[in-house]
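Asks: The structure under discussion is supplied below as structure tokens; questions concerning it will follow.
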Amino acid sequence: MNDMRLTERAVDATDVKISARKVQVYYGDNHAIKDVDVDIPDRMVTAFIGPSGCGKSTFLRSLNRMNDTIPICRVEGKITLDGEDIYDRRVDPVQLRAKVGMVFQKPNPFPKSIYDNVAYGPRIHGLTRNKAELDEVVEQSLRRAALWNEVKDRLHAPGTGLSGGQQQRLCIARAVATSPEVLLMDEPCSALDPIATAQVEELIDELRANFSVVIVTHSMQQAARVSQKTAFFHLGNLVEYGETGQIFTKPQDPRTESYISGRIG
Amino acid sequence: MNDMRLTERAVDATDVKISARKVQVYYGDNHAIKDVDVDIPDRMVTAFIGPSGCGKSTFLRSLNRMNDTIPICRVEGKITLDGEDIYDRRVDPVQLRAKVGMVFQKPNPFPKSIYDNVAYGPRIHGLTRNKAELDEVVEQSLRRAALWNEVKDRLHAPGTGLSGGQQQRLCIARAVATSPEVLLMDEPCSALDPIATAQVEELIDELRANFSVVIVTHSMQQAARVSQKTAFFHLGNLVEYGETGQIFTKPQDPRTESYISGRIG
Amino acid sequence: RDQIQIAGSSTVLPYATIVAEAFGENFDFPTPVVEGGGSGAGRKKLCEGVGENTIDIANSSSRIKQSDIDLCASNGVNEIMEVRIGYDGIVFASDLNGAEFAFTPADWYNALAAKVVKDGVLVDNTNKTWADVNGDLPAQDILAFIPGTKHGTREVFDVKVLEAGCEATGAAEAMKAAGDEKAEGCLALRTDGVSVDIDGDYTETLARIDANKNAIGVFGLSFYQNNTDKLRVATMDGIVPSTETIASGDYPVSRPLFFYVKKAHLGVIPGLQEYIDFFVSDDMAGPDGPLAAYGLVSDPELAKTQEMVASGTPMAPLN
Amino acid sequence: MTDAVAHPTPHSGSLLRQDERTRRRNNAERRFRLYGQVAIGIAIMALVILLTSVLGNGLSAFRQTFISMPVTLDAAVLDKKGNRDPADLKKVTTIGYSKLLVNSLTQVIEEEGIVVEGLASSDIKDMISDEAAAQVRDRVLGNPDLIGQTVDLKVLANGRIDGYLKGRVSMESAERDSNVSVNQLRLTESLVERGIIGKSFNWGFLTAADASELRPEAAGLGVAILGSAYMMIVVLVLSLPIGVAASIYLEEFAPKNRWTDLIEVNISNLAAVPSIVFGILGLAIFINFAGLPQSAPIVGGLVLTLMTLPTIIITTRAAIKAVPPSIRDAALGIGASKMQTVFHHVLPLAMPGILTGAIIGLAQALGETAPLLLIGMVAFVRDFPAAPPEGLFDPAAALPVQVYNWTQRADPAFVERASGAIIVLLVFLLVMNTAAILLRRRFERRW
Amino acid sequence: MSIGLLLAIILGLAAVGYVIGIRRAKDRAGGDTRRLHSLAGYHGQSVLLFTAVPALLVVGAWLLLQPVVIEARVSGMIAESDVPQGSSLDLVMSDVRRVADGLNAIAANEQLTEDEIAAMGADLGGLRSRLGNAGVALASDVQPSVFEASRTYRQMNNTGLTALSISAILVALAGLVFSASRIQAEFRARNVSESFVKLLFIGSSFVAVLTTFGIIASLVVESVHFFQLYPIKDFLFSLTWNPQFRGGSDLGIWPLLWGTLYVSFVALLFAVPVGLLSAIYLSEYASKRVRSVVKPAIEILAGIPTIVYGLFALITVGPFLRDYFAQPLGLGTSSSSVLTAGLVMGIMLIPFVSSLSDDIINAVPQAMRDGSFGLGATHSETVRQVILPAALPGIVGAILLAASRAIGETMIVVMGAGAAAKLSLNPLEAMTTITVKIVSQLTGDTEFASPETLVAFALGMMLFIFTLGLNVIALYVVRKYREQYE
Ligand SMILES: Nc1ncnc2c1ncn2[C@@H]1O[C@H](COP(=O)(O)OP(=O)(O)OP(=O)(O)O)[C@@H](O)[C@H]1O
Ligand SMILES: Nc1ncnc2c1ncn2[C@@H]1O[C@H](COP(=O)(O)OP(=O)(O)OP(=O)(O)O)[C@@H](O)[C@H]1O
Ligand SMILES: [Mg+2]
Ligand SMILES: [Mg+2]
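Chains as they are written, first to last, in this note's numbering: chain A, 402 to 666; chain B, 402 to 666; chain C, 874 to 1192; chain D, 33 to 479; chain E, 150 to 635.
Have a look at this one:
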């Protein structure tokens, strides 16, 4: 793709957190991501938009090697985090994923209590020194995910007994609790009402102060509201990538334009 | 609740398809739906809105007795379909669910091929006489769910290998294929891009010609676009129910108003 | 290893356990460990070599074979003592409430053999009832439970009953005339289900007779003696089987029982010498001893055996 | 809508009336349910039949006939030199003690004034178990002070007398039985009336060692229970961890390639290897090659471990496979390592299946005889093995071995004991599995 | 120091190492565990592993080697003349060991010094009875050279043990110090201990492979031996099985293979439907209470010794089938038959199918059921068309397990189907299986080196190859139909 533009951007972006070069992802024979180059800046929110099935989740999952778990999935190209190739043999995907957290498209709480769901990350990463600290982290995370008020009386009820939107927020809380450097969120607000959405967006904005956030969203408005950078995917290609304002106001590619204006799907 | 208003509406509504009276739903001790009275008109789209966790899905599931599958769930009150109590002992939930189809909040395709997923309903209900007809129904349904173009070359690939949005549309196609009289859709467009959403909304509009559709949605815009009636739930209560236009323009309950204007969650 | 280890024939097993038990009770040595597992396997284990990991004594319901001796020799087991402990009678018995039978080997041959002589020519056996075989026998369907070919008892049955019957009926002659030099056809049995091989034990045969009241089974004398309230024994050539008739040789169907001692272990395994002395002592293997009480036919030449055991004479090469 | 016009919806009509098709489908549903009930019925019925037959045959083994009488431990017989020298005391064999017991019983009969015509003194001797003499001898050797005293003893009665009290032997059968006489039975009746002969709980059945064919009344399961317990310890300690570890590796870590296919096929194939072949293996590897002793529970345990491994691996793998991938994704997504994912999430969810594997595998291991046949455990063992770990290397029997041995014995008294042994085995199995069954119930959940 | 004590010390050290590891890790993190790469527990674990494992390996290796070394030395001390005629050095060595044990026991009982023990050599006759009193029975008097050898053996053993104790503890300490000193905040303790655990996992999966090698190795020698005595052509292609004591046997595998397949087939034909339907009923329809009672109850069926089934077949089922089916239908008069054995074996196999399938069915996510119910499917349609396909891999596993068990079963076949090797289609006739013949030929009274006995090994080998083939096919079939949910 338009390599020139990319280099340009790399210069003006303050700090590149993740950079992808010529990334290809295949599911068996299905070429799901084609030759994608992208630089995800630090301390910013990047939004991935694009029609359903265009490869957003796939690309997102390749950023923290979650694709490793799908046997038929194959990733080519180079993705670096802070300049280090994450597909290098020496890289421990565990450490990578501790740094690059993920909220999945389908909420997938553990069949454990709400508390344990959130406390899991801090526990395995040793983020807290004692129970009190852990309680603190759990409460904080649930608050930040705008779930605390709904569940504070039933922290020990199973996480799978929550409503769809609650599960989604639980998964956000769970991811936030480990304080990753990069947070990948796959449609984090799809099951949320406008107010909860606003709260999560607030959270995203807050996270941006220290971390890098990548969100996949179908809502143009949301992308416009929360992100500084936007990438538009179409049929596995990264069609356009740039400042959010620019993408939404002056898209350069006709496909971007027609998607934004609601003409292609 | 405001029984008076309800009676009023029941008169002016052309035809009541489902009517609920004093419905209570409990999950163990948790009183999730409190005393809900509602009449769902035939040949119309009814939207359920409300903050996450307020009981929309729960109420929706009680309309076709899907709550029966949750052991701790208990339903009280009376729900009638075409005047017949669906919780009557003589009612066969299977027949009920054939009439009242459902699309779940979390897409749950069967671990079968895309084709088999859609053909499942017609097959068990014996809706088609031969393979050609079945093929026809499958194609139609996939087309109506705006998925045909994406999957027509891989009808025999597993449905679980689709992207999130594709799975959601697959589940819609699956539900549509059985041509139910009432279709309950729990956030059918949550994972869909605007164009696909528009296509699904078109489908809903089309279904309205013959059937009754109930959709749960978090998007006020969507509710306004597709529904004729809207019910607003809050903390398990049905706060307000009425013509969509009226709810969005002149809400009577302060809670409705603040929800619509984005102040309570 | 402190205790004596014994393995081999399941026919000898009960006698060996009786002796082992008494030995453990009355001597300071631990009670020997006695295994079944079959004569063949026992002798194989005996011949596996000299040393703690190998057994000391192999029980056997038949004489050791040259191949075993060769195997022994190749593993350094050069001297073996052969001890004949007595005889085992093999009896034919049917359900207690059934008819009485008085057999001759010829009856058995005519009942079970694949080919029998009829009017001087070899024909396929079509006898259905015992009366077809011999007019003196009851008109009862033939159904015989005989030991499977794994059992040593079967060999005795083959030799002492079938072959004898084959000779007696003239079938052997006819076969030889027909070109079967060694009359091997004598041992070919019918396959139409009248003769049923039993791979299990006498208890199984007994259970089968329980389920098929008109069947005849082959048992060891001691087994029969313990179950006289369920079984009716048949005579052979007019002789009733008993320890006396077998000891005297009147009852034809019997066989000697042996055990084989690895001489190299004598003087090394504590109690081994004492055990074998004890086994063949009159207190045990004599006609009034517990073994006889259980059904072992005492060896008339026991004194010779005792002497041999005391002096530790190894067995001479097989002739 | 076009579709609906093309295919008029078949679900119209009242909910309260089932349409034809629904009725058919519901009938199919009912039939299906019925099949399930019938299937369970068949399984339970088979279980009930088997258990009743085992219990019916075997419960009587837990009671045994004893003769209670005063026995004079005559110093003139037991210690001719009168110096209580253990070496001399040992010279008196069980035959000597047997005479003592016979004298005592004869005396009792005389004192009670029981007269049975034609009763020979050998008849009296045969009423007392041979084991009794051995027991008294052991007791005296352990405590030489008893010599010269008259002690009240409860000694085992002969198996046929026991059989008479249990209805196995009758007057008619005694007439044909060379091992028991009608006179003995008459005498027994008189003694039972006077409370000298009677049945009581048979501790010996649980604690004593096996006995020879001449003393079915004395045969017990002590050595076998110990041997089985030792073997099961070995099996439990080895097969469950190894099996689960291997399954985890194959399901979660191993690359999916030819090599792991090979291992997979290989494991399913091992499950089909007849158990006796594992015995051949054990003989070759553990005894002949590694030099472990014959008849030892350690070898039995190792062989049974190898035999149960495939069962545990196959069930565990199936259970691990059934855990939905989204759970793994969730854990990996927050930076859990594969190992943590497995231990924290996958294993707990797979636990019911793993425990089922353990239950079935151990049941199989506990009841298996064939492989023990070749490693010398199907044996007559009288001496108790020592406490573990040394005891693992001592000869021992096992419960199924005892069952197998006893079913082959000629004396009908062993039939009841074999069934009794099966009861003990099943109780053993239940005790062993209770923990697993309870645990499994706790781990069962739907998500 | 006894081995038990040594092991206890090593494990104790490991436990100490665990604690030290945790402490040190916390120290290194300056009290703030969040700075650690891995949880403190992993640091402890890595120290534990480094302490225990090498030391245990040393102990293991030492214990394997020590006897070899010592016996080589000691056996040199025994005079040629002291080895009795026909006996072997090996046996004398066992005497040496026994005497040494006895000396140890005496020394321990009576608090003897080394010199006093040496003095015992003067009265070798008395020694035997002393040893006897100490619980060590000897078959004959102790020879002087044997006594000397025993003493040396004892001393060397004691020295060896001391040396072992010292070196093992040193190794443990070294491991402890080394791994504890490695602890840094950044030290990847989790990776280290996880790699270690993974290694253990790999090792465990090798056990199965090694078992296979072991089986092949233990079968192949005697099989070759068999084929030298009996033509492989006849074994593979002859249609009769008729072993004889005096040779001239026909040992064709086909009747046995046929019997094996037939009996297993009948057993599965019974067990699979019953087991599967029970599993479905238990997991889908039955109440929790019923399930929690019935499931363990059915599992008892797997624990009943096969001999009980055998007797059940022999006494009850066999005559029943004969009287009510075989005879009225004119299909034979045999009370033992393939059908008898198959049915009874089927009962035994029910839990293999039902319990495992039940667990797997239970593990299918509820969302699958909801999806199907939501479309108006009945419960049975849901089960048949959604749940069973999703649970298929596990169910196939269960069925394979049951099939394996069926092929390997002996007792039920012996008593239920009889011992007659026959090629017949009639299920009411007696037949037998490979496994039965392996057992019976191996434990029979025939001489070992004859083809009649050795054939057992060849049968085992053929069965192994045969089931291997079946399993390969099964693997590919399952692969093809595997369906993954979510
Ligand atoms: N299976 C369950 N067990 C227990 N409680 C449940 C269960 N499902 C839902 N609840 C609780 O019932 C309440 C209503 O849940 P419901 O799923 O109906 O919410 P909803 O309106 O659909 O929300 P959302 O928009 O987030 O999907 C919530 O408080 C939820 O936690
Ligand atoms: N596990 C899988 N196996 C095979 N194909 C897959 C798999 N997951 C996704 N695909 C295919 O890869 C393509 C990209 O999928 P992806 O999930 O990345 O889409 P997406 O952009 O996230 O869409 P959505 O907005 O619907 O979630 C789609 O065509 C999809 O069908
Ligand atoms: Mg997606
Ligand atoms: Mg919901």
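Virtual Cβ for every residue (Gly too), placed ideally from N, Cα, C.
1. Rounded to the nearest angstrom, what separates P494 (chain A) and S620 (chain A) at their Cα positions?
2. Could you give the distance in angstroms between the alpha-carbon of Q333 (chain E) and the alpha-carbon of R172 (chain E)?
3. Buried or exposed for P417 (chain D), going by 16 or more other Cβ atoms inside 10 Å?
4. Could you give the DSSP three-state label for P40 (chain D): helix, strand or coil?
5. Quick check on L407 (chain B): does DSSP put it in helix, strand or coil?
6. In whole angstroms, what separates the C-alpha of N531 (chain A) from that of F613 (chain E)?
7. Quick check: the Cα distance between G88 (chain D) and E448 (chain D), rounded to an integer number of angstroms?
8. Does the region 464–478 of chain B come close enough to the region 483–496 of chain E to have 3 or more Cβ pairs within less than 8 Å?
9. Tell me which residues share the same chain as S213 (chain D) and place their Cβ nearer than 7 Å to its Cβ, disregarding the 5 neighbours each side in the sequence.
10. Excluding the 5 residues preceding and the 5 following V476 (chain A) in the sequence, name in chain order all residues of the same chain whose CB lies nearer than 6 Å to its CB.
11. What is the rounded straight-line gap between the Cα of A267 (chain E) and the Cα of L154 (chain E)?
12. Among the residues of its own chain, which have a CB less than 7 Å from the CB of F310 (chain D), if the five just before and after it don't count?
13. May I ask whether a heavy atom of ligand 1 can be found less than 8 Å away from the beta carbon of V424 (chain B)?
14. Quick check on the DSSP output: the alpha helix (DSSP H) that includes R474 (chain D) runs from which residue to which?
15. Taking Cβ positions only, does V498 (chain B) come closer than 9 Å to chain E?
16. Where does V181 (chain D) sit, in a helix, a strand or coil, going by DSSP?
17. Just to confirm, does N437 (chain D) get its C-beta within under 8 Å of one of the non-hydrogen atoms of ligand 5?
18. Nearest-angstrom Cα distance between W403 (chain E) and T389 (chain E)?
19. Do the CB positions of L398 (chain D) and L470 (chain D) come within less than 9 Å of each other?
20. Hey, would you say F425 (chain D) sits closer than 9 Å to E908 (chain C), going by beta carbons?
21. What would DSSP say about Y379 (chain E), mapped onto helix, strand or coil?
22. I need the boundaries of the alpha helix (DSSP H) containing R303 (chain E), first residue and last residue.
23. On the three-state DSSP scale, how would you describe P512 (chain B)?
24. On the premise that S483 (chain E) lies in contact with E578 (chain E), defined as a C-beta separation below 8 Å, what is that separation, rounded to the nearest angstrom?
25. Could you tell me the alpha carbon to alpha carbon distance between F461 (chain E) and A107 (chain D), rounded to whole angstroms?
26. V492 (chain A) and L584 (chain A): beta carbons closer than 9 Å?
27. Please go through the region 431–460 of chain A and give each complete beta strand (DSSP E) segment of 3 or more residues, from N-terminal end onward.
28. With a threshold of 16 other CB atoms inside 10 Å of the CB of H557 (chain A), please say whether the residue is buried or exposed.
29. Can the beta-carbon of Q878 (chain C) be found less than 9 Å from the beta-carbon of G408 (chain D)?
30. Quick check on Q876 (chain C) - is its C-beta less than 9 Å from some C-beta in chain D?
31. Apply the 10 Å Cβ neighbour rule to F460 (chain A) and answer buried if 16 or more other Cβ atoms are within range, or exposed otherwise.
Replies: Taking the geometry as given:
1. The residue given as residue 494 (chain A) occupies position 93 in the first sequence. The residue given as residue 620 (chain A) occupies position 219 in the first sequence. Their Cα atoms are separated by approximately 31 Å.
2. For the purposes of this step, residue 333 (chain E) is taken as the residue at position 184 of the fifth sequence. For the purposes of this step, residue 172 (chain E) is taken as the residue at position 23 of the fifth sequence. Roughly 12 Å separates the two Cα atoms.
3. Here residue 417 (chain D) is taken as the residue at index 385 of the fourth sequence, counted from 1. The residue is buried, with at least 16 neighbouring Cβ atoms inside 10 Å.
4. Reading the fourth sequence from its first residue, position 8 is the one you call residue 40 (chain D). A caution first: P40 (chain D) carries a pLDDT of 42, below 50, which makes its placement in the model unreliable, though a value can still be read off. Coil, per DSSP.
5. Stepping through the second sequence from its first residue, residue 407 (chain B) is reached at position 6. Note that L407 (chain B) has pLDDT 40, beneath the 50 cutoff, so the model's placement of it is unreliable and no number is given.
6. To locate residue 531 (chain A), count along the first sequence from 1; it is residue 130. To locate residue 613 (chain E), count along the fifth sequence from 1; it is residue 464. Cα to Cα, N531 (chain A) sits roughly 56 Å from F613 (chain E).
7. Taking the fourth sequence and counting its residues from 1, one reaches residue 88 (chain D) at position 56. Taking the fourth sequence and counting its residues from 1, one reaches residue 448 (chain D) at position 416. Each residue's Cα considered, the two are about 9 Å apart.
8. no
9. Taking the fourth sequence and counting its residues from 1, one reaches residue 213 (chain D) at position 181. Same-chain partners within the cutoff: D155 and A206.
10. Translated into the one-based positions of the first sequence, residue 476 (chain A) becomes position 75. Taken in chain order, the residues that qualify are V426, S463 and N468.
11. Working through the fifth sequence from its first residue, we reach residue 267 (chain E) at position 118. Working through the fifth sequence from its first residue, we reach residue 154 (chain E) at position 5. Cα-Cα distance, rounded: 28 Å.
12. Reading the fourth sequence from its first residue, position 278 is the one you call residue 310 (chain D). The residues are V335, L338, M339 and P403.
13. Locating residue 424 (chain B) in the second sequence gives position 23, where the first residue counts as 1. Incorrect: V424 (chain B) has no Cβ contact closer than 8 Å to ligand 1.
14. In the fourth sequence, residue 474 (chain D) corresponds to position 442, counting from 1. It spans A445 to F475 - the alpha helix (DSSP H) in which R474 (chain D) sits, taken as one unbroken run.
15. The residue labelled residue 498 (chain B) in the question sits at position 97 within the second sequence. Checking the sequence shown, residue 498 (chain B) turns out to be Arg, not Val. Yes, its Cβ sits closer than 9 Å to a Cβ of chain E.
16. What you label residue 181 (chain D) is simply residue 149 of the fourth sequence in a count that begins at 1. Note that residue 181 (chain D) corresponds to Gln in the displayed sequence, not to Val. DSSP places Q181 (chain D) in coil when its eight states are reduced to three.
17. Of the ligands one can find in the structure shown, namely ligand 1, ligand 2, ligand 3 and ligand 4, none is ligand 5.
18. As a first step, residue 403 (chain E) must be located in the fifth sequence, where it is residue number 254. As a first step, residue 389 (chain E) must be located in the fifth sequence, where it is residue number 240. About 7 Å.
19. Start at 1 with the first residue of the fourth sequence, and residue 398 (chain D) comes out as number 366. Start at 1 with the first residue of the fourth sequence, and residue 470 (chain D) comes out as number 438. In this structure, L470 (chain D) does not lie closer than 9 Å to L398 (chain D) by Cβ.
20. Here residue 425 (chain D) refers to the residue found at position 393 when the fourth sequence is read from its first residue. Here residue 908 (chain C) refers to the residue found at position 35 when the third sequence is read from its first residue. No, they are not a contact pair.
21. Counting from 1 along the fifth sequence, the entry for residue 379 (chain E) is found at position 230. Coil.
22. In the fifth sequence, residue 303 (chain E) corresponds to position 154, counting from 1. Run containing R303 (chain E): P293 to R331, per the alpha helix (DSSP H) assignment.
23. For this step, residue 512 (chain B) is matched to residue 111 along the second sequence. Here P512 (chain B) sits in coil by DSSP.
24. As a first step, residue 578 (chain E) is located in the fifth sequence; it is residue number 429 there, counting from the start. As a first step, residue 483 (chain E) is located in the fifth sequence; it is residue number 334 there, counting from the start. Between S483 (chain E) and E578 (chain E) the Cβ distance is about 6 Å, and since that is below 8 Å, they are a contact.
25. Here residue 461 (chain E) refers to the residue found at position 312 when the fifth sequence is read from its first residue. Here residue 107 (chain D) refers to the residue found at position 75 when the fourth sequence is read from its first residue. Cα-Cα distance, rounded: 54 Å.
26. What you label residue 492 (chain A) is simply residue 91 of the first sequence in a count that begins at 1. What you label residue 584 (chain A) is simply residue 183 of the first sequence in a count that begins at 1. The answer is no: Cβ separation not under 9 Å.
27. 431–442 and 446–450
28. On the first sequence, residue 557 (chain A) is found 156 positions in, with the first residue counted as 1. Exposed is the call here.
29. Here residue 878 (chain C) is taken as the residue at index 5 of the third sequence, counted from 1. Here residue 408 (chain D) is taken as the residue at index 376 of the fourth sequence, counted from 1. Yes; because the gap between Cβ atoms is below 9 Å, this pair is in contact.
30. Position 3 of the third sequence, counting from 1, holds the residue named residue 876 (chain C). Yes, its Cβ sits closer than 9 Å to a Cβ of chain D.
31. The residue labelled residue 460 (chain A) in the question sits at position 59 within the first sequence. Flag for F460 (chain A) reads buried.
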